[in-house]
Every structure is written in C-alpha cells, then in structure tokens.
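Heads up, the thing below is written out as structure tokens.
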C-alpha cells in the first residue's frame with residue numbers, strides 16, 4: 299500500500315488555511331453529516347473514532363476524497379481495483395489520524411488552539427470569502443474541494459495550529475533549529491554520498507530482478523562500469539546521468555543503504571543491498587563541500603521535516619482507532635463520491 303506522511307496531510311491543511319481554488323474536483327455539494335455512497339447521500343453520526351472522539355462524515359469524506367484524487371491523478375473515470383481502493387481507505391485513515399495527532403502534539407507543547415486562534419479563523423474565512431464574487435461562489439469552491447461549511451473552520455484552525463507548531467519546532471531558537479554552519483558540519487560527519495544502480499523489488503513469486511542484479515554485480519568491479527550500468531539499466535531515473543549522487547543519513551527510511559555506504563571506502567562498491575523498494579549496488583563518493591554549501595538550506599528543510607514527521611508519527615501511533623461497522627464496510631473508492 300502507498301504510505302502517507304506529514305507532507306500530504308499538511309498540504310491538505312494548507313489548502314484550507316490559505317484559500318480555496320475552484321478546481322472542480324467534486325461533482326457537487328454533499329449535505330453536512332452525510333457520505334455520498336453509490337450516488338446517494340447517507341447520513342451517519344460518525345465514521346471513525348480516534349481516542350474516543352468522533353470523526354464526522356464531513357471530516358472523513360474530505361480526507362478520503364482527497365486521498366482518492368491524489369491516487370487517481372484526478373481521473374473521474376478511474377477504474378479501481380480492490381487493492382487500490384483498500385490503499386485509498388488506508389490512506390484516508392492515516393490522514394485523519396495524523397490530523398488528530400497534530401492537535402495532540404501542539405497541546406503537548408502548550409500550543410493548543412486558544413481564543414486568538416479562533417478569532418484568526420474568522421478573519422481568514424472572511425478574507426477568503428472576499429476573494430469570491432458572492433456566497434454561492436464560495437460554497438461552490440468549498441464543495442469542489444470536498445469541504446462543508448461546517449467543517450471548513452476546523453481545517454482553517456488546523457492550518458493555524460500547524461503554523462504555531464512549525465514556528466516552535468523549526469523557527470529561530472526552535473527545538474529543531476540549526477544554523478547553516480551546524481548543518482554543514484552534520485553533512486560532513488553524518489551523511490554519506492552515493493551513486494547507485496537500482497532495480498525494483500520483484501513481484502510476488504518472481505526473482506527476476508534479484509537474479510539480474512546478482513548478474514550485474516558479477517560484472518561491476520569499478521566505478522566507471524557501475525556508472526555505465528546506472529545510465530543504462532537503473533530503475534531510479536534520478537540516478538541516471540547524475541554526478542551529484544544521493545546524500546543519505548539516518549532517519550530517511552533508507553537504513554540498509556546508509557549502513558552499506560558507511561562500510562565502504564571512498565570509491566568502494568558494495569555487494570548487493572536489498573530493502574523494501576528493491577536491489578542496489580552502491581558506490582560511495584566524497585561529500586562535495588561546494589554542493590553542500592550551495593544547498594544547505596534545502597538540507598536544513600529536509601532534516602527539520604523528517605524530525606517533525608517523526609514526532610508526529612509517534613503521536614499518531616499511540617492513538618486508538620475504532621470504525622463504525624454500520625457504515626465503514628460500505629465505503630470504497632468506487633462507491634464514494
């Protein structure tokens with residue numbers, strides 16, 4: 299299944315917090331408290347519960363339909379397999395869990411919503427409405443983004459809480475603040491730079507790519523040959539004709555590659571390395587000081603994003619989720635609209 303993290307969730311919240319675009323995703327409004335299943339509005343008091351708190355039909359539909367839109371690329375005629383539909387359902391649940399965890403995490407740092415935040419919600423909604431010709435156009439934009447008027451203030455508040463949490467964690471003097479000089483030192487000491495040949499993981503019951511990589515490994519004994527094979531055969535297009543390489547470190551979800559690279563001398567080539575995505579042959583390169591300096595702000599943003607995602611995921615992992623059996627089994631990417 300496609301896994302989701304903080305980035306798509308916060309992107310959805312930013313959409314609500316910063317304004318609306320009449321993107322025409324939805325085929326029309328759905329009354330608050332309803333799901334649209336097989337073309338009919340179905341009223342339900344709750345769809346899920348997170349730590350005993352109800353997830354309304356409005357909240358669930360917003361995250362579910364955006365997950366489906368993302369998966370299908372906005373193709374309204376997309377034909378869903380059972381596996382794909384299950385992946386969307388899983389993603390929607392993950393979105394909602396992370397959405398709730400955002401508030402929990404903010405509360406843990408004393409940054410929960412207050413009266414000033416609620417007043418700011420009203421201000422932002424008024425400013426957003428002012429961008430539309432009339433109230434009807436505003437409601438149409440909400441509906442096109444799968445948002446009800448009743449749920450919209452919650453999304454705007456989520457965006458405000460996100461901003462407060464981000465400033466606290468990554469702003470000047472924040473918990474995860476780091477100067478460019480400090481980041482450059484971390485790149486030198488904590489990161490490894492590699493170029494790699496990658497073949498995708500095999501389909502179930504097949505060993506075709508595993509066998510191909512073993513064959514390639516028998517031929518590749520030097521960096522020049524590895525680069526030739528990368529440009530010809532790698533399933534990771536980012537590696538082709540790229541001399542920069544990939545900068546990897548702990549916490550990126552690429553632990554097997556990081557460990558293998560750290561075991562190499564500069565210019566050394568690894569044996570075949572395997573992770574959930576596929577098979578690799580790596581060559582370690584020296585850290586390019588000029589490249590690191592020119593891109594230090596991007597390194598900082600990436601590091602901070604992973605740090606924030608980690609604690610958000612940890613908060614979400616502790617949540618207890620219960621689904622409404624009376625409605626949940628009827629929800630699928632094919633039935634929901």
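Residue numbers (the numbering used here): 299 to 635.
Even for Gly, the Cβ is constructed at its ideal location relative to N, Cα and C.
Nothing here was measured: the structure is a model prediction, and the numbers come from that model.
{"Query": "First through last residue of the alpha helix (DSSP H) which encompasses residue 414", "Result": "413-427"}
{"Query": "For residue 621, the three-state DSSP class (helix, strand or coil)", "Result": "strand"}
{"Query": "Reduced DSSP category for residue 443 - H, G, I as helix; E, B as strand; rest coil", "Result": "coil"}
{"Query": "Nearest-angstrom Cβ-Cβ length linking residue 339 and residue 329, presumed shorter than 8 Å", "Result": "6 Å"}
{"Query": "Same chain only: Cβ atoms within 6 Å of residue 620, ignoring 5 sequence neighbours per side", "Result": "347"}
{"Query": "Local conformation of residue 576 per DSSP, three classes", "Result": "strand"}
{"Query": "Rounded C-alpha distance that separates residue 588 from residue 564", "Result": "18 Å"}
{"Query": "Assigned exposure category for residue 428 - 16 Cβ within 10 Å defines buried", "Result": "exposed"}
{"Query": "Proximity below 7 Å, CB of residue 332 to CB of residue 365", "Result": "no"}
{"Query": "Stretch-stretch touch, CB-based, cutoff 8 Å, three pairs: the stretch 499-507 with the stretch 462-469", "Result": "no"}
{"Query": "Inter-residue Cα distance where the pair is residue 478 and residue 604", "Result": "17 Å"}
{"Query": "Close-in-space but distant-in-sequence residues of the same chain around residue 363 (CB under 6 Å, 5 per side omitted)", "Result": "444"}
{"Query": "Meets three-Cβ-pair contact criterion under 8 Å: the stretch 472-490 and the stretch 591-607", "Result": "yes"}
{"Query": "Residues that DSSP places opposite residue 339 in a beta bridge", "Result": "334"}
{"Query": "Between the CA atoms of residue 399 and residue 406 - distance to the nearest angstrom", "Result": "10 Å"}
{"Query": "Residues of its chain near residue 489, where Cβ-Cβ distance is below 7 Å and the 5 sequence neighbours each way are ignored", "Result": "545, 546, 547, 585"}
{"Query": "Between the CA atoms of residue 483 and residue 322 - distance to the nearest angstrom", "Result": "Legend: pLDDT at residue 322 = 48, less than 50; position of this residue unreliable, no value from coordinates given."}
{"Query": "Cβ-Cβ distance between residue 554 and residue 573 below 7 Å", "Result": "yes"}
{"Query": "heavy atom of the ligand FAD below 6 Å from residue 443 C-beta", "Result": "Here there are no bound small molecules, and the ligand FAD is not part of this structure."}
{"Query": "Minimum C-alpha distance to residue 525 - residue among 600, 496, 512", "Result": "496"}
{"Query": "Close-in-space but distant-in-sequence residues of the same chain around residue 552 (CB under 8 Å, 5 per side omitted)", "Result": "546, 573"}
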